[in-house]
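Those protein sequences? They're chains U and G, same order as listed. Here my numbering is used: the first residue of the first sequence is 1, the next is one more, and so on. Here my numbering is used: the first residue of the second sequence is 229, the next is one more, and so on. Remarks on the structure that follows.
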Amino acid sequence: MPKYRLEYAKQDIARFLSHRELMTTLQRALRRASFPLTYSKGYNQRPKFSFGPPLGVGAAGLREYMDLELDEDIQTIEDYLERLNRQLLSGIRAHRLVLVPPGDIGLGKLINCARYLVELSSDDYAADWDQLFNDIKSVESWYYERPHDGKVFDVSAAIIESGCYHEGGRFYLEFLMKVGRGEVPVRGLLDLIIKAGTKPLLLSRLTRTGLFRLEGNRLIDPLGQIEN
Amino acid sequence: MTIEQVLWENILPRVRKPARYLGTEWNAVCKNWDAVPIRMVFAFPDLYEVGMSHLGLQILYGLVNSRDDFLMERAFAPALDMEGELRRAGLPLFSLESHRSLQDFDVIGFTLQYELTFTNVLNMLDLSGIPYRAEDRHDHHPLVIAGGPSAFNPEPLAPFIDAFLIGEGEEGVLEILEAVGEVKGDQPRASRSQVLERLIEVPGVYIPSFYRKEYTDDDKIKKIVPLHPRAPERVRRRVLDKLETAYFPTSPLVPLAEAVHERGMLEVFRGCTRGCRFCQAGMIYRPVRERSPEVLLSQAGEIIKNTGFEEVSLVSLSSLDYSSIQDLIPRLAGGCEATRTGLSLPSLRVDSFSIETAKNLPGRRTSVTLAPEAGSQRLRDVINKGVTENDLMDAVEAALDAGWFAIKLYFMVGLPTETREDLEGIADLVEKVVKVGKRYSRGRKRPRVTVSASSFVPKAHTPFQWEGQDKRDLLKEKHEYLRSLIKKSKAEYNWHNIETSFLEACFARGDRKMAAVLEGAFLRGCRFDGWTEHFRFPLWMESFQAAEIDPDDYATSRFTYDQVLPWDIIDSGVSKEYLVREHQRALAGETTPDCRQVCGKCGACASLGVTTHLFKER
Ligand code: SF4
Numbered sequence: 001m002p003k004y005r006l007e008y009a010k011q012d013i014a015r016f017l018s019h020r021e022l023m024t025t026l027q028r029a030l031r032r033a034s035f036p037l038t039y040s041k042g043y044n045q046r047p048k049f050s051f052g053p054p055l056g057v058g059a060a061g062l063r064e065y066m067d068l069e070l071d072e073d074i075q076t077i078e079d080y081l082e083r084l085n086r087q088l089l090s091g092i093r094a095h096r097l098v099l100v101p102p103g104d105i106g107l108g109k110l111i112n113c114a115r116y117l118v119e120l121s122s123d124d125y126a127a128d129w130d131q132l133f134n135d136i137k138s139v140e141s142w143y144y145e146r147p148h149d150g151k152v153f154d155v156s157a158a159i160i161e162s163g164c165y166h167e168g169g170r171f172y173l174e175f176l177m178k179v180g181r182g183e184v185p186v187r188g189l190l191d192l193i194i195k196a197g198t199k200p201l202l203l204s205r206l207t208r209t210g211l212f213r214l215e216g217n218r219l220i221d222p223l224g225q226i227e228n
Numbered sequence: 229m230t231i232e233q234v235l236w237e238n239i240l241p242r243v244r245k246p247a248r249y250l251g252t253e254w255n256a257v258c259k260n261w262d263a264v265p266i267r268m269v270f271a272f273p274d275l276y277e278v279g280m281s282h283l284g285l286q287i288l289y290g291l292v293n294s295r296d297d298f299l300m301e302r303a304f305a306p307a308l309d310m311e312g313e314l315r316r317a318g319l320p321l322f323s324l325e326s327h328r329s330l331q332d333f334d335v336i337g338f339t340l341q342y343e344l345t346f347t348n349v350l351n352m353l354d355l356s357g358i359p360y361r362a363e364d365r366h367d368h369h370p371l372v373i374a375g376g377p378s379a380f381n382p383e384p385l386a387p388f389i390d391a392f393l394i395g396e397g398e399e400g401v402l403e404i405l406e407a408v409g410e411v412k413g414d415q416p417r418a419s420r421s422q423v424l425e426r427l428i429e430v431p432g433v434y435i436p437s438f439y440r441k442e443y444t445d446d447d448k449i450k451k452i453v454p455l456h457p458r459a460p461e462r463v464r465r466r467v468l469d470k471l472e473t474a475y476f477p478t479s480p481l482v483p484l485a486e487a488v489h490e491r492g493m494l495e496v497f498r499g500c501t502r503g504c505r506f507c508q509a510g511m512i513y514r515p516v517r518e519r520s521p522e523v524l525l526s527q528a529g530e531i532i533k534n535t536g537f538e539e540v541s542l543v544s545l546s547s548l549d550y551s552s553i554q555d556l557i558p559r560l561a562g563g564c565e566a567t568r569t570g571l572s573l574p575s576l577r578v579d580s581f582s583i584e585t586a587k588n589l590p591g592r593r594t595s596v597t598l599a600p601e602a603g604s605q606r607l608r609d610v611i612n613k614g615v616t617e618n619d620l621m622d623a624v625e626a627a628l629d630a631g632w633f634a635i636k637l638y639f640m641v642g643l644p645t646e647t648r649e650d651l652e653g654i655a656d657l658v659e660k661v662v663k664v665g666k667r668y669s670r671g672r673k674r675p676r677v678t679v680s681a682s683s684f685v686p687k688a689h690t691p692f693q694w695e696g697q698d699k700r701d702l703l704k705e706k707h708e709y710l711r712s713l714i715k716k717s718k719a720e721y722n723w724h725n726i727e728t729s730f731l732e733a734c735f736a737r738g739d740r741k742m743a744a745v746l747e748g749a750f751l752r753g754c755r756f757d758g759w760t761e762h763f764r765f766p767l768w769m770e771s772f773q774a775a776e777i778d779p780d781d782y783a784t785s786r787f788t789y790d791q792v793l794p795w796d797i798i799d800s801g802v803s804k805e806y807l808v809r810e811h812q813r814a815l816a817g818e819t820t821p822d823c824r825q826v827c828g829k830c831g832a833c834a835s836l837g838v839t840t841h842l843f844k845e846r
């Protein structure tokens, strides 16, 4: 069966959906849009989907991915995308739909890093922005203990790259983080920023702006495009 | 900042399951506020997950919003963390669609599905900044109305609600909104007192402030006296004549946060006339009125297309009693299969036909639930549950034959006339079921048998309304005895919290004096009393004491036939003579057939001007 990869965004008010709620929402929208979904066999038939790494309740994602198997090739991809968008709730948008080439290793294995953006305002941090950024960068190791099971993660080791910029009185911190091997909970990242001197930050300040495969020093998105 | 801004920025990021509060569900209707003159909010006094599974909400929401001059939005009881955030931020409880305070609406309509949601009713008003006692509200506060099965004994809530709508709400709600519209005209708000004057004319509306109760020396109700010259002696429940042509929502709301039931609902008929004597629903929705297979098939198709739900469910009281079931099910199953939609029957009858029907349905298979309710033939006859031991064993074997591997059995403890033998009968039945199950073991794995036992709660308008509930100690003893018996047969035994059932009985049979207890419990912090993790019985007992009320007067005492009952003001259509007759037949162990076959002369058809309506004569 042909497999398609969908790139979508979950933002604005839809950022408050949990991963599970989002999956159900997308499933029902695809059903309403009459996609020829392939279902598993047996009593409990489910469409054959696989999703990229989940995003926490409150965090937005601008370029998120899911794979779906279809019973047949669809010729008019743009038509289907439009049909799907008509069935999606506010805050969820389907951007691209692409036939997955044979030999693809699947989203789970493919994606090995994610880019996050943390938005700060002067309410969160009163002093010098560049100082904050330097403080964050100079932390050599920062351990985060996950509350529910006490597992400890080294957050700094999971940061591949970081940067910052100002825009319209707001300050943005940008991080490229490991996904899969060496991955840490994003809460740990927020903790690190708080430690550097900001007020407590909620997950709703976080936007995942992209998911990639890092190969050498090239970033490739799950649809095969190379990022600058 | 607007409510929305505070919500998005400060509150939703902090609460659990924020999807409960977004209001952007598929098929949600968000009208232009200023363009609609009459606005109502449907207030569900329980969590989003429960409310969104409720058919009544979906029906009224769709119906009212289908009118250009009305709008209906939704509000659910906020979870405790959300309540905390709202109170801290000084924000009112809001509607989901436009995130406005409940104060901004012309009408707030509560649905009363369960007595243990009553503290949430008070809390929702309080959180909206509206005095919960009607006498403390001023003339331009929103009109507060309530309906649903627990409104059939409205008295415990009487001081808080302006008007109750008794019975099926479809027509009555529109008439109430029309009346509000007439009074409101082009003013910003209708005068509540003038609206109530108008509502006297609307059938099915009970306005508690227009009545007074006189008590005897020993504190029993002597008389219910109308205070208003036009207030009716009794308020007769509303009923829809034909379901076939009635409004039904084929674009229902699709829950965002996972609801208790996530499925499209089909109402194959309304009413159930099997006549189980403990069952309130079986008395207050009489007579049976069916929809035709054609209408149901087309509604199912529309629902699947408009929602994307993975499952459609037949949600009537005993859907397999539908007269054209043999015709309907294969056609419905065909349509579901084609769209990869499951089809489910949540209430199975205890017989092999049910199982044979259920086994061919497309979709998920979890467990089979069967409800014999009592353990001996004698007691099953007393409660008029037309089920024999053979029926049960046939059903169990058929289910196991068909590949089910988990069986749930429902029983009730504390039924009138119950003896030790009846409890032992339950254990015997369970043992037999477990034994049959053994034959179907897969390797060393045996089918799972779970027994759930609730405690009998006498309900208003049933033949058992005069009966008292067993005392709590006795109920506890009975449950423990039963558990010890069942343990031997290696079935799982769950029982409902006894204190919860006790409180349910207090409200189910209580009068206006219960309002003080309710208010006390609310002020002491009680919320979500139906949820074991939130239920705080000691606070309730304190409230009873403070109000100087002995809860046993309501829950466990028997009423006599000639006593005036707190709910006598409500005329369910079923006559008291019939209920007395049924009660006496119960005590004599005599059964009464389903009135689909022979009219049992309950009075409903004649007094309400409707008739049983089947699509295939049997
Ligand atoms: S009047 Fe007769 S047919 Fe009508 S609901 Fe009552 S018992 Fe059934």
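We treat Cβ as the ideally placed atom computed from N, Cα and C, and that holds for glycine.
query, result
"Just the C-alpha distance for Ala561/G and Leu548/G, rounded to the nearest angstrom, thanks.", "14 Å"
"Can you name the residues of chain U whose CB is closer than 8 Å to the CB of Val596/G?", "Under the 8 Å cutoff, chain U gives no residues; its nearest Cβ is about 14 Å from Val596/G."
"Can you tell me which of Thr647/G, Thr788/G and Ala834/G puts its alpha carbon nearest to the alpha carbon of Leu702/G?", "Thr647/G"
"Taking the alpha-carbon of Phe175/U as reference, which of Glu119/U, Leu97/U, Leu107/U and Ala94/U has the nearest alpha-carbon?", "Glu119/U"
"On the three-state DSSP scale, how would you describe Cys164/U?", "strand"
"So, using beta-carbon positions, are Val463/G and Tyr434/G closer together than 8 Å?", "yes"
"Under 7 Å Cβ-Cβ, which residues of chain C neighbour Gly58/U?", "Note that chain C does not occur in the displayed structure, where the protein chains are U and G."
"Take every Cβ of the stretch 680-700 of chain G, pair it with every Cβ of the stretch 640-658 of chain G, and state whether three or more of those distances are shorter than 8 Å.", "yes"
"May I ask whether a heavy atom of the ligand MN can be found less than 7 Å away from the beta carbon of Trp632/G?", "In the structure shown, the ligand MN is absent; the only ligands present are the ligand SF4."
"Spatial neighbours of Phe750/G within its chain, please: C-beta separation below 6 Å, excluding the five flanking residues on both sides.", "Thr347 and Leu350"
"For chain U, check one thing: does any of its Cβ atoms lie closer than 8 Å to the Cβ of Gly536/G?", "yes"
"Distance, Cα to Cα, Arg809/G vs Glu818/G?", "11 Å"
"Let's see if you can read the secondary structure: which residues bound the alpha helix (DSSP H) around His707/G?", "Arg700 to Lys716"
"Hey, is Ala247/G's beta-carbon within less than 8 Å of any beta-carbon in chain U?", "yes"
"Less than 7 Å separating the Cβ of Lys804/G from some heavy atom of the ligand SF4?", "no"
"Give the DSSP-derived three-state secondary structure of Leu299/G in the structure shown.", "strand"
"Is it the case that the stretch 22-33 of chain U contacts the stretch 164-172 of chain U, given that we only count it when at least three CB pairs across the two stretches are under 8 Å?", "no"
"Just to confirm, is the Cβ distance from Ala247/G to Ala626/G under 8 Å?", "no"
"Assess, as a yes-or-no matter, whether the stretch 719-733 of chain G is touched by the stretch 671-682 of chain G under the definition of 3 or more beta carbon pairs within less than 8 Å.", "yes"
"How many whole angstroms separate the CB atoms of Arg32/U and Gly570/G, which I take to be in contact at a CB cut-off of 8 Å?", "With 8 Å as the limit, Arg32/U and Gly570/G do not qualify as a contact, their Cβ atoms being about 16 Å apart."
"Between Arg498/G and Leu471/G, is the Cβ-Cβ spacing less than 8 Å?", "yes"
"Apart from the five residues just before and just after Leu807/G, which ones in its own chain have a Cβ nearer than 6 Å to its Cβ?", "Pro691"
"Taking 7 Å as the cut-off, is the beta-carbon of Gly91/U closer than that to any non-hydrogen atom of the ligand SF4?", "no"
"Please identify the residue among Ile654/G, Val685/G, Phe684/G and Ala736/G whose C-alpha is closest to the C-alpha of Lys716/G.", "Ile654/G"
"Would the beta-carbon of Gly665/G be found less than 7 Å away from any heavy atom of the ligand SF4?", "no"
"Measure the CB-CB distance between Ala418/G and Asp297/G and report whether it falls below 8 Å.", "no"
"Does the Cβ-Cβ distance between Pro515/G and Thr839/G come in under 8 Å?", "yes"
"Comparing alpha-carbon positions, which option in Glu343/G, Asp364/G and Pro416/G lies nearest Glu383/G?", "Glu343/G"
"Tell me, to the nearest whole angstrom, how far the beta carbon of Glu518/G is from that of Phe843/G; I am working on the premise that it is less than 8 Å.", "5 Å"
"Do Leu525/G and Gly563/G have their C-beta atoms closer together than 8 Å?", "yes"
"Using only the alpha-carbon positions, how far apart do Glu272/G and Val372/G sit?", "For clarity, residue 272/G is Phe in the given sequence; the question names Glu instead. If I take the Cα positions, the gap works out to 13 Å."
"Is any heavy atom of the ligand SF4 found at a distance shorter than 7 Å from the C-beta of Ala832/G?", "yes"
"Does any residue of chain U bring its CB to less than 8 Å from the CB of Ala561/G?", "no"
"To the nearest angstrom, how far is the alpha carbon of Glu64/U from that of His369/G?", "47 Å"
"Tell me whether the beta-carbon of Arg213/U lies closer than 8 Å to the beta-carbon of Ile111/U.", "yes"
"Any heavy atom of the ligand SF4 closer than 7 Å to the Cβ of Pro691/G?", "no"
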